[in-house]
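Quick note: the sequence shown uses the working numbering, first residue 13, plus one each step.
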Amino acid sequence: MRVALFATCLGDTLFPSAPKATLQVLERLGCEVDFPAAQTCCGQMHTNTGYRKQAKSSVRTFVEAFASYDAIVAPSGSCVASVRHQHAMVADGDRALTRAVEHTAPKVHELSEFLVDVLGVTDVGAYFPHRVTYHPTCHSTRLLRVGERPLRLLRAVRSLDLVELPASEQCCGFGGTFALKNPDVSVAMGSDKARHVRETGAQVLCAGDSSCLMHIGGLLSRERSGVRVMHLAEVLASTEGDQL
């Protein structure tokens, strides 16, 4: 199986530890992973803000970069949801691009989907002796429907104490440009989420999207909560020799 890593814009520019950890986990499980250098943005930001025509070039670049792979794995439910649910909409009217999207989009997987559904693995050999709570991000929950997959992976991590997050299904308030256009509402929603995280007594908040972790983590930091945010991939990549 030819596997490619889709790092995503946020992973490439601000949170490289997430795609790096994704690579570590996949290679630990015996996958040979390529990183197509031609990859850029999936186009989600343009599509979500009404610039569908401008997103077409990003979609075209994406399908060309990843066309030859059997599976494409990304540490982002948000970006994977964009590829699987928005690329066809952006390509509409362009027959060649539509065919390319139909070929590529079904092969794109969020990390927990790929590990559990494609590789058939829940125990990735991780060790993380800390109290952790998990935030199910909106796109992974509502569009990808990853369900219990991330939790199954976390429960298999040695020495990890997984605690339930109250009102976990509630949005953190980030929502990309929503946070910019509606900052007061966004901060209020994020503050509720941060309060629920503190209530768990967790040392670490874990999620499958760096964007949500950026938003919640910023609030937790300003509150001096002492809670660290980590991507799911980072927790799964941790081994006995690693330090928090």
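Ideal Cβ placement from N, Cα and C applies to all residues, glycine included.
Would you kindly work out how many angstroms separate the C-alpha atoms of residue 156 and residue 16, rounded to a whole number? 19 Å
Return helix, strand or coil for residue 254, following the three-state DSSP convention. DSSP places residue 254 in coil when its eight states are reduced to three.
Using a C-beta cutoff of 9 Å, does residue 40 count as contacting chain D? The displayed structure is made up of one protein chain only, and chain D is not part of it.
Report the residue from 160, 172, 52, 199 whose alpha carbon sits nearest the alpha carbon of residue 181. 160
State yes or no: is the C-beta of residue 248 within less than 9 Å of the C-beta of residue 138? Yes. Within cutoff.
Runs of 3 residues minimum, wholly inside the stretch 65-117: which ones carry the beta strand (DSSP E) assignment? Within the stretch 65-117, the complete beta strand (DSSP E) runs of at least 3 residues are 83-86.
CA-to-CA distance, residue 107 to residue 219, given in whole angstroms: 37 Å
Below 8 Å, can you find three or more Cβ-Cβ pairs linking the stretch 168-181 to the stretch 127-141? yes
Inter-residue Cα distance where the pair is residue 195 and residue 216: 25 Å
Under the DSSP definition of a beta bridge, which residues are partnered with residue 129? In DSSP, residue 129 forms no bridge with anything.
Measure the C-alpha to C-alpha separation of residue 98 and residue 34 and round it to an integer number of angstroms. One Cα belongs to residue 98, the other to residue 34, and the distance between them is close to 24 Å.
So, with DSSP's three-state summary, where would you put residue 209? helix
Roughly how many whole angstroms lie between the Cα atoms of residue 30 and residue 124? When only Cα atoms are considered, residue 30 and residue 124 end up about 13 Å apart.
Give the straight-line distance between the Cα atoms of residue 176 and residue 65, rounded to the nearest whole angstrom. 42 Å
In this structure, how does DSSP classify residue 13 when only helix, strand and coil are distinguished? coil
To the nearest whole angstrom, what separates the beta carbons of residue 102 and residue 52, a pair I think is in contact under 8 Å? Rounded, the Cβ-Cβ distance is 14 Å, inconsistent with contact.
Three-state class that DSSP yields for residue 217 in the structure shown: If DSSP states are grouped into helix, strand and coil, residue 217 belongs with the strands.
If you measure between the beta carbons of residue 91 and residue 54, is that distance less than 9 Å? Yes, these two residues count as a Cβ contact at 9 Å.
Since residue 201 sits in a beta bridge, which residues does DSSP pair it with? Bridge pairing for residue 201: absent [DSSP].
Would a C-beta distance cut-off of 9 Å place residue 210 and residue 241 closer than the cut-off? no
What residue does the beta strand (DSSP E) around residue 20 start on, and which one ends it? Premise fails: residue 20 is in no beta strand (DSSP E) and is neither H nor E.
Taking just the CA atoms, how far does residue 227 sit from residue 32? 21 Å
To the nearest angstrom, report how far apart residue 37 and residue 190 are at their CA atoms. 32 Å
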